Each structure stands twice: as structure tokens, then as C-alpha cells.
Amino acid sequence: MIGNDENNNLEKKIFLQIIDFAWRSHLQYLEQLRQVIGLRQYGQKDPLSEFKKEAFILFESLLEKIKNDIIKFLLNLNIVVSNEEQKKEQPQKIAPENKKIGRNEKCPCGSGKKFKHCHGSI
965 MIGNDENNNL EKKIFLQIID FAWRSHLQYL EQLRQVIGLR QYGQKDPLSE FKKEAFILFE
1025 SLLEKIKNDI IKFLLNLNIV VSNEEQKKEQ PQKIAPENKK IGRNEKCPCG SGKKFKHCHG
1085 SI
């Protein structure tokens, strides 16, 4: 299994990746909002207060998205065990009791015919 320190480092890296990706997309949304918010002035609304309201809503959705993405990742996480640990955990294979008879071998019933012409005919 993964050690506690390795587990913490893995979680930190994943969290930082998720936060970084979400933050970059949030900045792109804010840039789009800044370009569109000027049109609100035609509706007799203060562009600055409208930007603040919309940006706050976007920030709240950013926090929710980060939480959801982290939870999704942790729930779908599969830990791969190293080869040494897998060898210890794998049970030994048991050989089958009856050897499979080839189609061109003699039939075990003792007729002297090939198996495919005796009991192995399809």
C-alpha cells in the first residue's frame, strides 16, 4: 500500500492540479465577463456593481466546482500495487487434474482411433 507521506504528497499534487485548472478557467470567465459587462450600461445599470455581483457568483461556482472535482477524483482513485506486493498476494495456480486431449492423439477409450474420429467428433 502507499505510505502515509506518499499518500499526502499525491493528494497535494492532485488538489493543486485541480485548483490550478479551475482557477485558469475562472480567470477566462472573468475576462469574458469584463468584455460583456459594458453592455449593461445601456440598461442604466452601474457596470462596476454588476461586475462585482457577477464575479462573486462566478467565484462561488468556482469553489463548488473545485470541491466537486476533488471529490470525484478521490472516489474514482484506483491504487495500483507494485509487482512485489502482487506476487505475495497472488495464490499459486493449480494444474488441472485432467490433461486436455489433443485432437490428433489416440482416444483414451482404447479404440486405437484418433480422438477427433472417435469421442472428439463434432
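Numbering (the numbering used here), first residue to last: 965 to 1086.
Where a beta carbon is used, it is the ideal one built from N, C-alpha and C, also for glycine.
Keep in mind that this is a model prediction, so the values were computed, not measured.
Check whether residue i and residue j have beta carbons under 9 Å apart
i: E1018; j: L997; result: yes
i: K1036; j: A986; result: no
i: I1065; j: I982; result: no
i: L1003; j: L1022; result: no
i: L1039; j: E975; result: no
i: I1001; j: F1020; result: no
Distance cut-off 8 Å: residue i Cβ against heavy atoms of the ligand GDP
i: E975; result: The ligand GDP is absent from the structure shown, which contains no ligands of any kind.
Cutoff 7 Å; reference residue i; Cβ partners in own chain excluding five residues on either side
i: G1076; result: K1070
i: Q1005; result: P1011
i: L1026; result: A986, H990
i: F979; result: I1034
i: H1083; result: C1071, C1073
Contact set for residue i: own chain, Cβ-Cβ below 6 Å, skip 5 residues either direction
i: L1012; result: none
Proximal residues to residue i (C-beta, below 8 Å), its chain only, five neighbours per side dropped
i: N1068; result: K1078, F1079, K1080
Cutoff 9 Å: residue i Cβ touching any chain B Cβ
i: D1010; result: Although the question refers to chain B, the structure presented lacks it and comprises just one protein chain.
Local Cβ density within 10 Å of residue i, reported as buried at 16 or more and exposed below that
i: N968; result: exposed
Which ranges does the beta strand (DSSP E) cover as unbroken runs of at least 3 residues, wholly within the region 975–1025, from first to last along the chain?
-> Runs found: none.
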